[in-house]
Structure formats: C-alpha cells, structure tokens
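FYI, full-length UniProt numbering numbers position 69 of the sequence shown as 69, with every residue one higher than the one before it.
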Amino acid sequence: MSDNPLEAICMTIGRISSSIQTNLSKLITIPQNPPTSTNLHLSLSSSTPPTPTGSYLPQPSDPHTKQAGPVTREELGRATWTFIHTLGAQYPEKPTRQQKKDVKELMAIISRIYPCKECADHFKEVLSSNPVQAGSQAEFSQWLCRVHNVVNRSLGKPMFPCERVDARWGKLDCEHRMCDLQGSMTPFD
Numbered sequence: 001m002s003d004n005p006l007e008a009i010c011m012t013i014g015r016i017s018s019s020i021q022t023n024l025s026k027l028i029t030i031p032q033n034p035p036t037s038t039n040l041h042l043s044l045s046s047s048t049p050p051t052p053t054g055s056y057l058p059q060p061s062d063p064h065t066k067q068a069g070p071v072t073r074e075e076l077g078r079a080t081w082t083f084i085h086t087l088g089a090q091y092p093e094k095p096t097r098q099q100k101k102d103v104k105e106l107m108a109i110i111s112r113i114y115p116c117k118e119c120a121d122h123f124k125e126v127l128s129s130n131p132v133q134a135g136s137q138a139e140f141s142q143w144l145c146r147v148h149n150v151v152n153r154s155l156g157k158p159m160f161p162c163e164r165v166d167a168r169w170g171k172l173d174c175e176h177r178m179c180d181l182q183g184s185m186t187p188f189d
C-alpha cells in the first residue's frame with residue numbers, strides 16, 4: 001500500500017463509482033433499433049418516446065430531469081454528504097491511528113478546498129465547534145449525522161434522526177468485503 005493517505009479514500013470512491021455505474025446501467029436500455037446517426041441515444045425507459053430530433057433522452061418538461069450544465073450548490077452538497085456518510089458507514093470499528101488521522105485531515109481538506117466558498121467557510125466553523133470524532137465506525141457515523149444536522153439547521157432543513165443513520169447510510173453490500181477501507185489494520189489507541 002502506498003504512503004499516500006488518500007489512496008484508500010480514492011479506492012473507495014472508485015468502488016462507489018463503479019457500483020453506481022453498474023446500477024445505472026441496469027436502468028438504462030439501448031433501443032432495439034437505435035438511430036443510425038453518429039450520436040448514440042439512450043432510453044431511460046421503454047415508454048420514453050423519441051423527440052422530433054430522434055433523441056431518447058428525457059425532455060426538459062420532465063420535472064426530474066436536470067438540464068446539462070454545471071452542478072448546482074444543492075447537487076454538490078448532496079453528493080458530498082453521500083460520499084462522507086458512505087465513508088462513515090465503511091469506516092472500521094477499530095480504526096488505526098493512521099485511519100483516524102486521515103479522516104480528520106479529509107474533513108479539514110474539504111473545509112479548505114470545497115468548491116463553494118460560503119459552504120467551505122461554514123464547514124470550517126462547524127468543525128471548529130464540533131471536532132471530528134473518529135474512534136470507531138459508530139462514533140464517526142454519529143458525528144457525521146450530528147454535523148450534517150448542524151448544516152441542515154443553518155439551511156432551514158429538517159433534522160435527520162441520528163438513531164437511523166445506519167439504516168440510511170449502512171455499509172455497502174460488496175462481495176468478499178471489497179468495500180471495506182484498506183490500509184494498515186494494526187489498531188493504535
């Protein structure tokens with residue numbers, strides 16, 4: 001294993017991405033007789049009719065469809081929380097000293113380089129008032145839930161019941177524990 005402390009996180013992100021791609025590919029079907037143009041058109045459901053231009057993509061009138069373009073602040077936030085809650089669910093029950101250090105540093109890095117300056121500054125304040133607690137999977141997952149609720153409160157959003165965090169953000173279901181965080185397994189207290 002490399003000395004790069006973010007390698008395990010990157011590997012986990014890669015596995016999450018692969019899982020998402022696999023599941024999305026099950027939802028996306030290619031029409032039996034695809035158009036002969038050079039553009040490949042995908043049908044998100046067999047009931048989606050082609051547009052006058054031959055596209056099988058959902059139309060802008062669909063309220064669940066986002067126009068192409070940069071992600072919104074809300075989309076970025078949801079994706080970030082999905083990532084860190086998933087990390088929390090995969091975090092070991094007995095993390096090594098290095099794993100504890102890495103997750104604390106990751107939270108600090110997020111607060112410094114997050115693409116939304118206002119959000120990053122707020123997260124710095126939240127971290128200052130709520131230092132990372134990463135002594136175990138349960139402790140880290142509960143800390144994440146509490147911190148997420150601090151952010152939700154500031155945005156006027158409802159609070160999530162932290163006793164349900166494992167039901168919402170439970171461990172990924174991967175064969176042979178392939179989603180577990182990698183790294184030195186020697187526990188240090």
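Glycine is no exception: its CB is placed at the ideal position from the N, C-alpha and C atoms.
Query, Result
"Our contact map puts residue 232 next to Pro92 with C-beta atoms below 8 Å; I'd like the distance itself, whole angstroms only.", "There is simply no residue 232 to check, as the chain begins at 1 and stops at 189 in what is shown."
"Just the C-alpha distance for Val71 and Lys171, rounded to the nearest angstrom, thanks.", "27 Å"
"If we call anything under 8 Å between Cβ atoms a contact, is Leu144 one with Gly88?", "yes"
"Looking only at C-alpha atoms, which of Ala134, Arg168, Pro161, Ser154 sits nearest to Gln98?", "Ala134"
"Would the stretch 108-119 and the stretch 73-80 be scored as touching if the rule is three or more Cβ pairs under 8 Å?", "yes"
"On the three-state DSSP scale, how would you describe Cys116?", "coil"
"Between residue 200 and Thr86, what straight-line distance do the alpha-carbon atoms span, to the nearest angstrom?", "In this structure the chain extends from 1 to 189, so residue 200 is not present and cannot be described."
"Just to confirm, is the Cβ distance from Val151 to Asn130 under 8 Å?", "no"
"By alpha-carbon positions, which one of Arg164, Lys94, Glu125, Thr96 ends up nearest to Met107?", "Glu125"
"Which runs of the beta strand (DSSP E) spanning at least 3 residues fall entirely within the stretch 89-142, listed in chain order?", "none"
"Using only alpha-carbon positions, find the residue among Ser154, Glu139, Ile109 that is nearest to Glu163.", "Glu139"
"So, with DSSP's three-state summary, where would you put Leu172?", "coil"
"Does Lys94 pass the burial test, meaning 16 or more other C-beta atoms within 10 Å, or should it be called exposed?", "exposed"
"I'd like to know whether the C-beta atoms of Val132 and Val103 end up nearer to each other than 8 Å.", "yes"
"How would you call Lys157, buried or exposed, if buried means at least 16 neighbouring beta carbons within 10 angstroms?", "exposed"
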